[in-house]
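Novice: I have a structure here, written as structure tokens, and I will follow up with some questions on it.
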Ligand SMILES: Nc1ncnc2c1ncn2[C@@H]1O[C@H](COP(=O)(O)OP(=O)(O)O)[C@@H](O)[C@H]1O
Ligand SMILES: [Mg+2]
């Protein structure tokens, strides 16, 4: 599904954010990538969605080499990968429904389809009854769930969550992780990037540990080591 | 496509004050340009009017007979530059002279003293084009006609100078028109550029999300390009709304100025709607798309 081959990323010649990273993630897996802040987790995500190009190495997504992806192909790659970031980025002047629908609108989906898809997705993340509220009127956890809903509207093969619990307390964080698990059970490959020991240990799934841009461990059913 | 228009309209209406200021400045620029175009048309029109009034009166020597005069008239009429020649007999000229000096008894007395009519026959030459003035003068100066004619050719060179001067003025106004269009073109360019830049800035969150969820780059750019077209279009429309009443307003004064001349500035603009306003719209849209395209290219890394 996702293959990183010898990926090196240097933002400046002096320092490397990633060094010779080799990873292979299968379809349907739930993978946690952990490491202290600055370890290179977000850089990995950026390379995956072609926001950054690797300095060296090769990256393959869904059997397609995207190392030198053409500019006009990037939108199609991004519709295959749903992304959730730490800072929620909901549009404050749109309701939860409109925020979720926005992702479909800007890709040219018909209003009819939008009316079918959006409520379904909001139900999956447990916001079925709050779709007409504005982001301000929701708790942090609920906002983050709305962001997950927005990332799910294309039924992406891969869902990437970069520090989705970064701003949340433990209970809300557990909720988010439970939703990610549910989504994984529905068949989506899930990549969770986090520096939070608690939630990763709670998962007991494959854990990849990054330190200073280097993969230092990759174990099934593991705990957060450092 | 409809959705693009909706987004463009949202951009437009969300920054309503900025949008209005942008449009108003474009309207003012357009209005100024059109005023200069009107001025240019009026000057040209009055030039034509006076040019058509310029004709050449050829006073033949008294000893030239009526038959000779008519023969000269026929011969001259063969020239392509001459539209028509009016013949005025010496009797008619005398009548005119008397009429003009009817308040001057002294002059009339001295006319009566003379036994014979001292005047000669007159030919009044009307030209096809004022530009042929010198040509016709030189024909008159040639040996064939010189001996029959009793005039001072210096007068003609004075008229020539006046015509050249008027042509120079109309040339200057035309140049001013071009320079104004260029300057305001540049102003409108930077104005739209800046407005779009601010619109992009105030939409940076939406844009970030659009990129993240995989909106195509044309979907991200489209609303900004459309927005700039809207500016041009609305300003153009508003300009027409202001301009036509103004034309109607100056029409009566114009008629007085060019007395009797059949020139209606209102219908002139209506008839030349496409050449004048169509081009303005096309150029406005071109400037708008061009400037917003550069702004989008510069500030939207999609
Ligand atoms: N756009 C950038 N330009 C330069 N350096 C960057 C950029 N993004 C990240 N870095 C550096 O790369 C390293 C890894 O960053 P990041 O991938 O954000 O780590 P993490 O997400 O694990 O906290 C850090 O040292 C960071 O300073
Ligand atoms: Mg990070």
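Protein chains in written order, with the numbering used here: chain A, 10 to 235; chain B, 176 to 477.
The beta-carbon is built from N, C-alpha and C at its ideal position, and this holds for glycine as well.
In chain A, what lies closer than 7 Å to residue 399 of chain B by C-beta?
Specialist: In the second chain, the residue the question calls residue 399 of chain B occupies position 224. Near residue 399 of chain B there are no residues of chain A at all, since even the closest Cβ is about 14 Å away, more than 7 Å.
Novice: Please list, following the chain, all residues that have a C-beta closer than 5 Å to any non-hydrogen atom of ligand 3.
Specialist: Questions concerning ligand 3 fall outside what the structure shown contains, since the ligands it does hold are ligand 1 and ligand 2.
Novice: Would you call the CB atoms of residue 101 of chain A and residue 165 of chain A closer than 7 Å?
Specialist: The count along the first chain starts at 1 and reaches residue 101 of chain A at position 92. The count along the first chain starts at 1 and reaches residue 165 of chain A at position 156. Going by C-beta atoms, residue 101 of chain A is not nearer than 7 Å to residue 165 of chain A.
Novice: Does residue 419 of chain B pass the burial test, meaning 16 or more other C-beta atoms within 10 Å, or should it be called exposed?
Specialist: Within the second chain, numbered from 1, the residue matching residue 419 of chain B stands at position 244. With fewer than 16 other Cβ atoms within 10 Å, it is exposed.
Novice: Taking residue 478 of chain B as the query, report the chain A residues whose CB atoms sit under 9 Å from its CB, ordered along the chain.
Specialist: Lying outside 176 to 477, the shown extent of chain B, residue 478 of chain B is not represented and no answer is given.
Novice: What are the residues of the stretch 178-189 of chain B that lie near chain A, defined by any Cβ-Cβ distance shorter than 8 Å?
Specialist: So the close ones are 178.
Novice: Counting Cβ pairs, one atom from each stretch, are 3 or more of them under 8 Å apart for the stretch 214-226 of chain B and the stretch 338-350 of chain B?
Specialist: Contact holds: three or more Cβ-Cβ distances are below 8 Å.
Novice: Taking only beta carbons into account, state which residues of the stretch 76-95 of chain A come closer than 9 Å to chain B, listed in chain order.
Specialist: The stretch 76-95 of chain A vs chain B, Cβ under 9 Å: 80, 81, 83, 84, 85, 86, 87, 88, 89, 90, 91, 92 and 94.
Novice: Taking residue 402 of chain B as the query, report the chain E residues whose CB atoms sit under 8 Å from its CB, ordered along the chain.
Specialist: Chain labels in this structure do not include chain E; the protein chains are A and B.
Novice: Of all the alpha helix (DSSP H) runs that stay within the bounds of the stretch 69-140 of chain A, which reach a length of 4 or more residues?
Specialist: Entirely contained in the stretch 69-140 of chain A, the alpha helix (DSSP H) runs reaching 4 residues are, in chain order, 83-89, 105-114 and 120-133.
Novice: Hey, does residue 343 of chain B have any beta-carbon neighbour from chain A nearer than 7 Å?
Specialist: Indexing the second chain from 1 puts residue 343 of chain B at position 168. By this cut-off, residue 343 of chain B is not an interface position.
Novice: Residue 46 of chain A lies in the beta strand (DSSP E); which residues open and close that run?
Specialist: Locating residue 46 of chain A in the first chain gives position 37, where the first residue counts as 1. Run containing residue 46 of chain A: none; DSSP gives neither H nor E here.
Novice: Would you report the Cα separation of residue 443 of chain B and residue 306 of chain B, rounded to the nearest angstrom?
Specialist: Along the second chain, read from residue 1 onward, the residue named residue 443 of chain B stands at position 268. Along the second chain, read from residue 1 onward, the residue named residue 306 of chain B stands at position 131. When rounded, the distance between both Cα atoms is 25 Å.
Novice: Note down, in chain order, all residues in the stretch 199-215 of chain B with a beta-carbon under 7 Å from any beta-carbon belonging to chain A.
Specialist: Cβ contacts with chain A come from no residue of the stretch 199-215 of chain B.
Novice: Just to confirm, is the Cβ distance from residue 417 of chain B to residue 204 of chain B under 7 Å?
Specialist: Walking along the second chain from the start, residue 417 of chain B turns up at place 242. Walking along the second chain from the start, residue 204 of chain B turns up at place 29. No, the pair does not count as a contact, with Cβ atoms beyond the cut-off.
Novice: Taking 7 Å as the CB-CB limit, is residue 388 of chain B close to chain A?
Specialist: On the second chain, position 213 is the one that residue 388 of chain B refers to. Taking Cβ atoms only, chain A reaches closer than 7 Å to residue 388 of chain B, which makes this a yes.
Novice: Would you decide whether residue 205 of chain A is buried or exposed? Buried here means 16 or more other CB atoms lie within 10 Å of its CB.
Specialist: Locating residue 205 of chain A in the first chain gives position 196, where the first residue counts as 1. Residue 205 of chain A should be labelled buried.
Novice: Using 8 Å as the threshold, is the stretch 135-150 of chain A in touch with the stretch 63-75 of chain A, meaning 3 or more CB pairs across them?
Specialist: Counting Cβ pairs under 8 Å, fewer than three are found: no touch.
Novice: Measure the beta-carbon distance from residue 384 of chain B to residue 13 of chain A and round it to whole angstroms, keeping in mind my assumption that it falls under 8 Å.
Specialist: Within the second chain, residue 384 of chain B is the residue found at index 209, counting from 1. Within the first chain, residue 13 of chain A is the residue found at index 4, counting from 1. No, residue 384 of chain B and residue 13 of chain A are not in contact; Cβ-Cβ is about 26 Å, not under 8 Å.
Novice: DSSP three-state label for residue 351 of chain B, please.
Specialist: Taking the first residue of the second chain as position 1, residue 351 of chain B is located at position 176. Residue 351 of chain B: helix per DSSP, three-state reduction.
Novice: Taking contact to mean 3 or more Cβ pairs, one atom from each stretch, closer than 8 Å, check whether the stretch 452-462 of chain B and the stretch 407-416 of chain B are in contact.
Specialist: Touching, per the Cβ criterion.
Novice: Starting from the Cα of residue 256 of chain B, find the closest Cα among B:272, B:278, B:274 and B:230 and give me that residue.
Specialist: Locating residue 256 of chain B in the second chain gives position 81, where the first residue counts as 1. Checked all of B:272, B:278, B:274 and B:230; the closest Cα to residue 256 of chain B is B:230.
Novice: I'd like to know whether the C-beta atoms of residue 185 of chain A and residue 153 of chain A end up nearer to each other than 7 Å.
Specialist: The count along the first chain starts at 1 and reaches residue 185 of chain A at position 176. The count along the first chain starts at 1 and reaches residue 153 of chain A at position 144. Contact flag set, yes.
Novice: Considering only the alpha carbon of each residue, which of B:246, B:285, B:278 and B:240 lies closest to residue 266 of chain B?
Specialist: Taking the first residue of the second chain as 1, we reach residue 266 of chain B at position 91. Cα-wise, what sits closest to residue 266 of chain B is B:240.
Novice: In terms of alpha-carbon separation, which member of B:392, B:467 and B:455 lies closest to residue 212 of chain B?
Specialist: Counting from one through the second chain, the residue named residue 212 of chain B turns up at place 37. Out of B:392, B:467 and B:455, B:455 has the C-alpha closest to the C-alpha of residue 212 of chain B.
Novice: Helix, strand or coil, according to DSSP, for residue 172 of chain A in the structure here?
Specialist: The residue labelled residue 172 of chain A in the question sits at position 163 within the first chain. Here residue 172 of chain A sits in coil by DSSP.
Novice: Can you list, in chain order, the residues of its chain whose CB lies under 7 Å from that of residue 295 of chain B, leaving out five sequence neighbours each side?
Specialist: The residue you call residue 295 of chain B lines up with position 120 of the second chain. Only 234, 235, 236, 237, 239, 265 and 325 meet the Cβ criterion.
Novice: Quick one, are the C-beta atoms of residue 244 of chain A and residue 225 of chain A less than 7 Å apart?
Specialist: Residue 244 of chain A cannot be examined here, being either before or after the span of chain A that is shown, 10 to 235.
Novice: Could you tell me which residues DSSP pairs with residue 260 of chain B in its beta bridges?
Specialist: As a first step, residue 260 of chain B must be located in the second chain, where it is residue number 85. Its beta-bridge partners are B:300.
Novice: Within the continuous beta strand (DSSP E) that includes residue 249 of chain B, where are the two ends?
Specialist: Mapped onto the second chain, residue 249 of chain B falls at position 74. Unbroken run through residue 249 of chain B is the alpha helix (DSSP H), 241-252; no beta strand (DSSP E).
Novice: Suppose the cutoff is 7 Å on Cβ atoms and the five residues either side in sequence are ignored; what does the same chain contact list for residue 35 of chain A look like?
Specialist: Indexing the first chain from 1 puts residue 35 of chain A at position 26. Excluding residues within five positions, the ones whose Cβ falls inside 7 Å are 10.
Novice: Would you please verify whether the beta carbon of residue 467 of chain B is less than 7 Å from any beta carbon of chain A?
Specialist: In the second chain, residue 467 of chain B corresponds to position 292, counting from 1. No, because no Cβ of chain A sits closer than 7 Å to the Cβ of residue 467 of chain B.
Novice: How would you list, in chain order, the residues of chain A whose beta-carbon sits under 8 Å from the beta-carbon of residue 394 of chain B?
Specialist: The sequence position of residue 394 of chain B within the second chain is 219, counting from 1. In chain order: 115, 116 and 117.
Novice: If we ignore side chains and look at the alpha-carbon of each, how far apart do residue 40 of chain A and residue 133 of chain A end up?
Specialist: Reading the first chain from its first residue, position 31 is the one you call residue 40 of chain A. Reading the first chain from its first residue, position 124 is the one you call residue 133 of chain A. Going from the Cα of residue 40 of chain A to the Cα of residue 133 of chain A covers about 21 Å.
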